[in-house]
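A.B. asks: This is the structure I want to talk about, given as structure tokens.
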Amino acid sequence: MQQAFYERPVLEVARDLIGCTVRHGLTCGVIVETEAYHHCEPACHAYVGVTPRTATLFGPPGVAYVYRSYGVHAMLNAVCERAGVAAAVLIRALEPVQGVDAMAARRSTDRIGDLCSGPGKLTQALAITLQDNGRALDAAPLVIGPPLADRPGPPIVTGPRIGITKAVDLPWRFAVRGSPFVSRPVPG
DNA sequence: CATGGGATTGACT
DNA sequence: GTCAATCCCATGC
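Heads up: the first sequence is residues 0 to 187, going by numbering that gives the first Met the number 0.
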């Protein structure tokens, strides 16, 4: 996926990333759930402006923004829109495709539906860490690629974002309708 | 320099 | 359903 793909309105990118693949090392999965964030709304980390933490978000598109949540989990985002505009798509869930054994070992479970069904789960399953922050998303070891050739475009549903306390009503969450691999069902 | 708050998860009642 | 773990960083003194 080239930089021009990410240098667009973040809501378009969030929708278009559904069905794309995320690969880290030997593990790979298909994106089934995303959320969009933009510095114009208070749920976004970059709402406060440029800081050491948010510098990645204000930088060029097509790179990873990885941060630690609740002191425990790493969260993977794809930086979008032109440099100077902070926006990103949070990758919230994957359908495991390749390296399932490695994912199961890292996650300490064999249940396929529990390997990548959440933003903290998928980074653990794919071994994505804060070391990946700022890394380009079009070259090894961390690559977001186009949808697999043998897969039709899935039906997509939208809804409010999960786990936030501000701007809770914006319908900026996207997911594959009926997918068993999403973190939580989309209302409606 | 001290403090408070998370874009969550898993274990437990 | 409740709740603790745990750490980075933004903010304020």
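Virtual Cβ for every residue (Gly too), placed ideally from N, Cα, C. Here the structure is a predicted model, which is why all the values come from computation and not from measurement.
1. Whole angstroms are fine: how far does the CA of E94 sit from the CA of V84?
2. A73: buried (16+ other C-beta within 10 angstroms of its C-beta) or exposed?
3. Return the Cβ separation of G112 and A92 in integer angstroms, given the expectation that the two are a contact with Cβ distance under 8 Å.
4. Identify whether M0 lies in helix, strand or coil by the three-state DSSP scheme.
5. Near P13, what residues of its chain come up, given a Cβ to Cβ distance below 6 Å and the 5 sequence neighbours on each side ignored?
6. Specify the secondary structure class of H44 as computed by DSSP and reduced to three states.
7. Is DSSP giving R105 helix, strand or coil here?
8. Considering V142, what are the terminal residues of the beta strand (DSSP E) in which it resides?
9. Hey, would you say Y64 sits closer than 8 Å to T55, going by beta carbons?
10. Note down, one range per segment and in chain order, each beta strand (DSSP E) of at least 3 residues found wholly within the stretch 70-141.
11. May I ask you to verify whether the stretch 120-133 touches the stretch 101-109, counting CB pairs closer than 8 Å and requiring at least 3?
12. Looking at C-alpha atoms only, which residue of E6, L129 and V31 is the closest neighbour of V96?
13. Of the choices P8, P60, Y5 and V29, whose alpha-carbon is the least far from that of G152?
C.D. replies: In brief:
1. The residue given as residue 84 occupies position 85 in the first sequence. The residue given as residue 94 occupies position 95 in the first sequence. Taking the straight line joining both Cα atoms gives about 30 Å.
2. For the purposes of this step, residue 73 is identified with residue 74 of the first sequence, where counting begins at 1. Buried, since its Cβ has 16 or more Cβ neighbours within 10 Å.
3. Numbered from its first residue, the first sequence carries residue 112 at position 113. Numbered from its first residue, the first sequence carries residue 92 at position 93. About 10 Å separates the two Cβ atoms, so there is no contact after all.
4. Here residue 0 refers to the residue found at position 1 when the first sequence is read from its first residue. Coil at M0, not helix or strand.
5. In the first sequence, counting from the first residue as 1, residue 13 sits at position 14. A small correction: the amino acid at residue 13 is Ala; Pro does not occupy that position in the sequence shown. Excluding positions up to five away in sequence, the list reads T33, A35, V88 and F173.
6. For the purposes of this step, residue 44 is taken as the residue at position 45 of the first sequence. In the displayed model, H44 falls within a helix according to three-state DSSP.
7. On the first sequence, residue 105 is found 106 positions in, with the first residue counted as 1. The answer is helix: DSSP assigns R105 an H, G or I state.
8. Within the first sequence, the letter at position 143 stands for residue 142. Segment L141 to G144, the beta strand (DSSP E) holding V142.
9. Position 65 of the first sequence, counted from the first residue, corresponds to residue 64. Position 56 of the first sequence, counted from the first residue, corresponds to residue 55. Result yes, Cβ atoms of Y64 and T55 sit closer than 8 Å.
10. Here the runs fully enclosed are 72-78 and 86-97.
11. Two segments are said to touch when three or more pairs of C-beta atoms, one from each, lie closer than 8 Å; by this definition the stretch 120-133 touches the stretch 101-109.
12. Sequence index remark: in the first sequence, residue 96 carries index 97 (1-based). Checked all of E6, L129 and V31; the closest Cα to V96 is V31.
13. Indexing the first sequence from 1 puts residue 152 at position 153. When the alpha-carbon of G152 is set against those of P8, P60, Y5 and V29, the nearest one is in V29.
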